[in-house]
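A.B. asks:
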Amino acid sequence: MIDFELVLPDGWVQIPTTTDTTKLRGRVVDELIRHHLPDTLPRDKAGPFRRMLRKELIEATDEAARQGARSVLLPLREFNGVKLPGSLVVTVIESGEEDEDAEALLASILADAGDSGSYLEIGQAPAVRLTAVVDSARAGRKAPSWRVSYYVSNPDAPGVWGLLTYTVLTDGDLEAEPVKAVMLLFDMIVSTLRWSNRIDAPTEDEVLAELDTLAPAAEAGPPAGEAGAPA
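Right, dumping it as structure tokens:
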């Protein structure tokens, strides 16, 4: 199976969203909640945060599954005291066109994108980056969001593409420094993409083992007024 790998910072999790991983997805969500809001926390304090975290994780992964994505990547820890308000959806597209001209297709995409598109190389493969300001109503917010999409060609398999789309929520200031910093972090993650040929998909044990690398929640739980969950 053609796939690609990404290097993730500490505190990130990759949740599978293919049709054959529905049960595994549910178990991963349960494990994440257990790690970050353990049963040892007072129920009256942790209960609302558990419900919020579960709702956000399920909504993010269900939406990725509806899009036909392979996985969704979420930051679960705060970085320098800031909760990263975003997620990254990962998809592999196989057009079946073995004689497809990747450069010509990317040029067409850039022509349609205008100033919102840029050409680059990722993992020694041609790619384009597209940016757009989108409505955040589906996320329950009035302020707009940034949506950035990457189309990355596979140099060894014509007709195979990586589509990576991240969304970053804002408070209305699209050019705020924290917003730009979060976007830069997502861009850096995408820049680590390397194509690979996997013979077997990750097993359930392998996926769950990744969760063990995440530090459990602090004994005191999240600070009052903060959910500690991805937006």
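Each position in the sequence shown, counted from 1, maps to that position plus 286 in my numbering.
C-beta atoms are modelled at their ideal positions from N, C-alpha and C, and glycine is treated no differently.
Every value quoted in this text rests on a predicted model; they were computed, and no experiment measured them.
1. Inspect the beta-carbon positions of S431 and T453 and report whether they are closer than 7 Å.
2. Grouping DSSP H, G and I as helix and E and B as strand, with all else coil, what is V375?
3. Check each candidate in T377, V314 and E461 and name the one with the smallest Cα separation from D491.
4. Taking the CB atoms as reference points, tell me whether T347 and L449 lie closer together than 7 Å.
5. When the Cβ atoms of the stretch 296-312 are set against those of the stretch 349-362, are three or more pairs found closer than 8 Å?
6. Our contact map puts F472 next to G403 with C-beta atoms below 8 Å; I'd like the distance itself, whole angstroms only.
7. Measuring only between beta-carbons, confirm whether Y452 sits less than 7 Å from chain D.
8. Looking at the unbroken beta strand (DSSP E) that takes in L391, where does it start and where does it end?
9. Starting from the C-beta of V420, find all residues in its chain whose C-beta is less than 7 Å away, skip the five residues before and the five after it, and write them out in chain order.
10. Thinking C-alpha only, which one of P444, A467 and D459 is nearest I379?
11. Pick from S482, V493, I395 and L460: whose alpha carbon is nearest that of Y437?
12. Comparing C-alpha positions only, which one of E386, L339, L374 and G382 sits nearest to T451?
13. Quick one: Cα of E389 to Cα of L416, how far?
14. Please classify V293: is it buried, with 16 or more other beta-carbons within 10 angstroms of its beta-carbon, or exposed?
C.D. replies: Short version:
1. Note that the C-beta distance between S431 and T453 is below 7 Å.
2. strand
3. V314
4. Cβ distance not < 7 Å, so T347 and L449 don't count as in contact.
5. In short, these stretches touch, since the Cβ pair count reaches three.
6. About 17 Å separates the two Cβ atoms, so there is no contact after all.
7. Annotation note: the requested chain D is absent from the structure, which comprises a single protein chain.
8. No beta strand (DSSP E) contains L391, which is instead part of the alpha helix (DSSP H) from A388 to A399.
9. P430, S431 and R433
10. P444
11. I395
12. L374
13. When rounded, the distance between both Cα atoms is 16 Å.
14. A residue is called buried when at least 16 other Cβ atoms come within 10 angstroms of its Cβ; V293 does not meet this threshold and is exposed.
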